[in-house]
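Under the working numbering, the first residue of the sequence shown is numbered 214, with each subsequent residue one higher. What follows is one structure encoded as structure tokens, with my remarks underneath.
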Amino acid sequence: MHSFAMLNTFAKVQKQRWLVQEMSRIFAQVCVKNELKASWLAAQRVTNVIRNFATSCPVCAQPRGITKKKELSEKKLTRHFVDHRKVKLLAGAGGKGASTFHSEPRKEWGGPDGGNGGDGGNIIIKVNRQVKSLAQVAPVYKGEDGESGGSKNCYGRNAGTTYIPVPMGTVVKEQGETVADLSQNGQEYVAVFGGAGGKGNRFFLSNENRAPTTATPGERGQERVLQLELRTMAHAGLVGFPNAGKSSLLRAISNARPAVAAYPFTTLNPHVGIVKYRDHEQVAVADIPGIIRGAHLNRGLGVSFLRHIERCRFLLYVLDMSSPEPWMQLQYLRYELDQYEPGLSHRPHAIVANKMDLPGSGVNLKALRDHVEQRVIPVSALTGLNTEELILHLRELYDGYLVTQASM
Ligand SMILES: Nc1nc2c(ncn2[C@@H]2O[C@H](COP(=O)(O)OP(=O)(O)OP(=O)(O)O)[C@@H](O)[C@H]2O)c(=O)[nH]1
Ligand SMILES: [Mg+2]
Numbered sequence: 214m215h216s217f218a219m220l221n222t223f224a225k226v227q228k229q230r231w232l233v234q235e236m237s238r239i240f241a242q243v244c245v246k247n248e249l250k251a252s253w254l255a256a257q258r259v260t261n262v263i264r265n266f267a268t269s270c271p272v273c274a275q276p277r278g279i280t281k282k283k284e285l286s287e288k289k290l291t292r293h294f295v296d297h298r299k300v301k302l303l304a305g306a307g308g309k310g311a312s313t314f315h316s317e318p319r320k321e322w323g324g325p326d327g328g329n330g331g332d333g334g335n336i337i338i339k340v341n342r343q344v345k346s347l348a349q350v351a352p353v354y355k356g357e358d359g360e361s362g363g364s365k366n367c368y369g370r371n372a373g374t375t376y377i378p379v380p381m382g383t384v385v386k387e388q389g390e391t392v393a394d395l396s397q398n399g400q401e402y403v404a405v406f407g408g409a410g411g412k413g414n415r416f417f418l419s420n421e422n423r424a425p426t427t428a429t430p431g432e433r434g435q436e437r438v439l440q441l442e443l444r445t446m447a448h449a450g451l452v453g454f455p456n457a458g459k460s461s462l463l464r465a466i467s468n469a470r471p472a473v474a475a476y477p478f479t480t481l482n483p484h485v486g487i488v489k490y491r492d493h494e495q496v497a498v499a500d501i502p503g504i505i506r507g508a509h510l511n512r513g514l515g516v517s518f519l520r521h522i523e524r525c526r527f528l529l530y531v532l533d534m535s536s537p538e539p540w541m542q543l544q545y546l547r548y549e550l551d552q553y554e555p556g557l558s559h560r561p562h563a564i565v566a567n568k569m570d571l572p573g574s575g576v577n578l579k580a581l582r583d584h585v586e587q588r589v590i591p592v593s594a595l596t597g598l599n600t601e602e603l604i605l606h607l608r609e610l611y612d613g614y615l616v617t618q619a620s621m
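Quick look at the structure:
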């Protein structure tokens with residue numbers, strides 16, 4: 214009897230499945246003919262009773278590829294990307310000590326039993342690899358206060374620590390002086406210490422004074438105003454005038470996708486791309502926003518982005534070879550860097566002569582080679598011409614940097 218019922222159910226299910234498949238086929242045809250999605254929806258309503266077996270319409274179904282996260286535009290990125298912040302930090306105050314006396318039936322003079330207060334909370338600046346800019350850093354932080362002491366010798370609880378997550382490469386400054394350089398993931402800097410908790414009257418018990426009533430309040434927490442600055446952590450920095458083709462070059466040699474356009478100051482934030490080699494070595498290259506003459510006097514985008522160059526181990530000067538006298542660009546760039554930090558332009562570097570596909574660039578390249586002693590690498594970011602030489606030279610600079618690191 215039992216097996217008969219199962220057989221019956223199975224038959225029903227099979228019948229329903231066949232029915233649904235048939236209906237799906239018919240309505241799909243209707244969809245193709247009339248190009249009406251509505252008819253398919255109507256069909257779905259009919260088959261709702263046996264919805265378990267219904268399949269989606271193969272014609273009207275939306276193509277479902279792997280949805281990639283949309284990249285932020287340069288304008289939006291500027292809003293999200295904050296590379297300096299001023300923060301006021303106020304650590305937690307200590308809890309106050311209690312002034313109480315023990316009291317219980319038939320024990321009138323129980324003595325002092327006021328507990329100490331808890332310590333105030335510290336504020337710690339901590340590097341978090343997930344954080345990409347200082348946008349989330351609030352202007353003011355107030356640490357937790359310690360709990361007050363209680364009667365029966367109860368000590369107040371120490372306050373918890375407040376953490377400020379910052380990205381890797383954050384420099385902490387106080388009145389222009391660098392106080393911490395946070396370049397490792399998880400690195401911490403105790404910015405302000407919480408106040409110590411006050412003492413309860415039990416603490417003041419002595420042979421001279423058997424019933425002290427004194428209890429001290431907790432100390433105030435430390436207070437500081439700090440500047441946080443983010444400096445891009447990359448091995449190489451692309452330095453050049455606006456429109457020289459820095460972003461195009463970064464796109465050509467790495468997986469980064471900074472915006473490229475035929476107008477100056479397309480790039481408003483530094484972008485970092487990774488150049489990967491066969492031996493799995495990786496070199497980070499930063500595309501720094503364009504520098505113009507007088508950048509150190511705050512012209513153009515000003516000096517705000519020169520600080521990102523400061524941390525690069527070696528530099529790639531990108532020159533636009535289609536413009537006359539490209540060596541002048543090099544002179545101006547080096548002058549601006551030295552104005553920002555003396556000797557910055559003398560870091561290990563290479564000169565990249567870009568836009569070699571344009572007419573007149575060959576003549577300019579010859580003249581450039583006559584004017585400079587350093588190696589010049591002619592490339593075209595647009596056509597990919599000679600980018601291999603640039604990638605190999607980048608590796609040479611990187612290996613040189615590793616050698617100097619090891620000898621230090
Ligand atoms: N013909 C030619 N055009 C190039 C080459 N490299 C870049 N360009 C063009 O030059 C223009 C500027 O390129 P970008 O890469 O945006 O220049 P950039 O140096 O990043 O400019 P900013 O972000 O404004 O500092 C774009 O129209 C590019 O297509 C090249 O090798 N050959
Ligand atoms: Mg750019």
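Note that the Cβ used here is the ideal one computed from N, Cα and C, for glycine as well.
Pick out the complete beta strand (DSSP E) segments inside the region 308-394, 3 residues or longer, and give them in chain order. 336-340, 353-355, 375-379 and 383-387
Nonlocal neighbours in the same chain, by C-beta distance under 8 Å from LEU418, ignoring five residues either side: GLY324, PRO325 and PRO425
When we look at the beta-carbon of ASN265 and count the other beta-carbons within 10 Å, is it buried (16 or more) or exposed? Because the pLDDT at ASN265 is just 46, under 50, the model does not fix this residue reliably, and the value given afterwards should be weighed accordingly. By the neighbour-count rule (16 or more Cβ atoms within 10 Å), ASN265 is not buried but exposed.
Distance, ALA472 Cα to CYS525 Cα: 21 Å
Note down, in chain order, each residue of its chain lying with its Cβ closer than 6 Å to the Cβ of ASN329, except the 5 sequence neighbours on either side. GLY310, GLY362, TYR368, GLY410, LYS412 and GLY413
What does the Cβ neighbour count give for GLN542, buried or exposed, with the cut at 16 atoms within 10 Å? buried
Need the endpoints of the alpha helix (DSSP H) that GLN544 sits in, please. 539-553
What is the rounded straight-line gap between the Cα of PRO539 and the Cα of ILE338? 44 Å
Between the region 425-434 and the region 445-464, can you find at least three pairs of beta-carbon atoms closer than 8 Å? no
Same chain only: Cβ atoms within 6 Å of LEU529, ignoring 5 sequence neighbours per side: ALA449, LEU451, ALA563 and VAL565
Mind checking whether GLY334 and THR374 have CB atoms under 8 Å apart? yes
Hey, GLN440 and HIS297 are a contact pair by Cβ (cut 8 Å); roughly how many whole angstroms apart? 7 Å
Rounded separation between LEU615 and GLN495 - CA only: 12 Å
Might you give, ordered along the chain, the residues of its own chain that have their beta carbon closer than 6 Å to the beta carbon of VAL262, omitting 5 neighbours on each side? No answer about VAL262 holds up, because its pLDDT of 45 lies below 50 and its placement is not dependable.
Is TYR611 helix, strand or coil when you go by DSSP? helix
Given GLY327, which residues of its chain have a CB within under 7 Å of its CB, disregarding the five upstream and five downstream residues? GLY310, ALA311, SER312, THR313, GLY362, SER364, GLY413, ASN414, ARG415 and ALA428
By the DSSP assignment, the alpha helix (DSSP H) with LEU462 in it spans what residues? 459-466
Pairs of beta-carbons, one from the region 468-488 and one from the region 546-565, closer than 8 Å: are there three or more? no
Buried or exposed: which applies to ALA497, given that a residue is buried once 16 or more other Cβ atoms fall within 10 Å of its Cβ? buried
On a CA-only basis, which of LEU605, GLU317, GLY331 and TRP322 is nearest ARG491? Give me that one, please. LEU605
With ILE522 as the anchor, note down where its alpha helix (DSSP H) starts and where it stops. 519-523
When the Cα of GLY331 is compared with those of VAL353, LYS355, ALA306 and VAL350, which residue comes out closest? ALA306
May I have all residues whose beta carbon comes closer than 5 Å to any heavy atom of ligand 2, sorted in chain order? SER460, THR479 and THR480
Which listed residue (GLU360, TYR402, LYS299 and ASN420) has its alpha carbon closest to that of ALA351: LYS299
Return the Cβ separation of VAL385 and LEU302 in integer angstroms, given the expectation that the two are a contact with Cβ distance under 8 Å. 11 Å between Cβ atoms; not a contact.
Which residue wins for smallest C-alpha separation from ALA348, given the options GLU357, GLY407 and ILE377? ILE377
Hey, LEU463 and ASN567 are a contact pair by Cβ (cut 8 Å); roughly how many whole angstroms apart? At roughly 11 Å, the Cβ-Cβ gap does not stay under 8 Å, so LEU463 and ASN567 are not in contact.
What residue range does the alpha helix (DSSP H) around VAL576 cover? 574-584
So, under 8 Å CB-CB, GLU549 and ALA499 are touching, yes? Tell me the CB distance rounded to an integer number of Å. Contact doesn't hold; Cβ gap of about 17 Å is too wide.
Taking all protein chains shown into account, do 16 or more other C-beta atoms lie within 10 angstroms of the C-beta of ASP533, making it buried, or fewer, making it exposed? buried
Confirm the yes/no value for this check: CB of ALA626, any heavy atom of ligand 1, distance under 7 Å. There is no way to answer for residue 626, as the model of the chain reaches only from 214 to 621.
Given 7 Å as the limit, tell me if PRO561 has its C-beta closer than that to any heavy atom belonging to ligand 1. no
Report yes if the CB atom of ALA447 is closer than 8 Å to the CB atom of VAL485, and no otherwise. yes
What three-state label does DSSP hand GLN435 in the structure shown? coil
Quick one: what's PHE529 bridged to in DSSP? Per the sequence presented here, residue 529 reads as Leu, with Phe not at that position. Beta-bridge pairing links LEU529 to LEU451 and ALA563.
On a CA-only basis, which of HIS493, ALA580 and ASN511 is nearest SER535? Give me that one, please. ALA580
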